[in-house]
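S.K.:
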């Protein structure tokens, strides 16, 4: 499954970059995130509870930041295990472009699921994933824009 998108954020690029590397802001914006902690400057541990169709699962995962080109881009990748529900893994290339006093955040993401979740069907998984990604970027935009306005 592939997702691409763009979000215009009313904040300078440095502020958006800082927020992309702030576990507290990310935790607020990731749908179902119960905990997110920095283990190192490029590694995070996450616990996320999601529901896809009839299956609800808590995923324990590791997130890694790579290809870091501050404050322009990075690759975020992760893998989570949800017990009998299965696993999810994926990553996204995130690029920040300055546009006046605003920032355009572009992303290209890929994800795979396996186990019980994969049996739900590609259409349900794709639509849920798209909805969760849109919710994250919308919430992230709101959090960063309101912080920049203060």
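Numbering (this note's numbering), first residue to last: 157 to 306.
Ideal Cβ positions, reconstructed from N, Cα and C, are used throughout, including at glycine.
All values derive from a computational prediction rather than experimental measurement.
1. Are the beta-carbon atoms of residue 248 and residue 235 separated by less than 9 Å?
2. Output needed for residue 293: all residues of its chain with C-beta closer than 6 Å, excluding positions within five of it in sequence on either side, in chain order.
3. Return the chain-ordered list of same chain residues with a C-beta closer than 6 Å to the C-beta of residue 238, the five sequence neighbours on each side being excluded.
4. Is the separation between the beta-carbon of residue 259 and that of residue 172 shorter than 9 Å?
5. On the DSSP bridge list, what partners appear for residue 248?
6. Distance, Cα to Cα, residue 193 vs residue 174?
7. In the DSSP assignment, the alpha helix (DSSP H) including residue 218 goes from what residue to what residue?
8. Alpha carbon to alpha carbon, how far is residue 298 from residue 185?
9. Assign residue 279 to one of two classes, buried (16 or more other C-beta atoms within 10 Å of its C-beta) or exposed (fewer than that).
10. What residue does the beta strand (DSSP E) around residue 349 start on, and which one ends it?
M.R.: In short:
1. Indexing the chain shown from 1 puts residue 248 at position 92. Indexing the chain shown from 1 puts residue 235 at position 79. Taking 9 Å as the Cβ cut-off, residue 248 and residue 235 do not qualify as a contacting pair.
2. As a first step, residue 293 must be located in the chain shown, where it is residue number 137. Within the same chain, residue 293 has close Cβ partners 163.
3. Locating residue 238 in the chain shown gives position 82, counting from the first residue. Excluding residues within five positions, the ones whose Cβ falls inside 6 Å are 213, 215.
4. On the chain shown, residue 259 is found 103 positions in, with the first residue counted as 1. On the chain shown, residue 172 is found 16 positions in, with the first residue counted as 1. Yes. Within cutoff.
5. Translated into the one-based positions of the chain shown, residue 248 becomes position 92. 232, 265.
6. Here residue 193 is taken as the residue at index 37 of the chain shown, counted from 1. Here residue 174 is taken as the residue at index 18 of the chain shown, counted from 1. Each residue's CA atom was taken as its position, placing residue 193 and residue 174 some 16 Å apart.
7. For this step, residue 218 is matched to residue 62 along the chain shown. For residue 218, there is no enclosing alpha helix (DSSP H); the residue is part of the beta strand (DSSP E) that begins and ends at 211-225.
8. What you label residue 298 is simply residue 142 of the chain shown in a count that begins at 1. What you label residue 185 is simply residue 29 of the chain shown in a count that begins at 1. Distance between the alpha carbons of residue 298 and residue 185 is about 9 Å.
9. Along the chain shown, read from residue 1 onward, the residue named residue 279 stands at position 123. Under this definition residue 279 is an exposed residue.
10. Shown here, the chain extends from 157 to 306; a query on residue 349 therefore has no answer.
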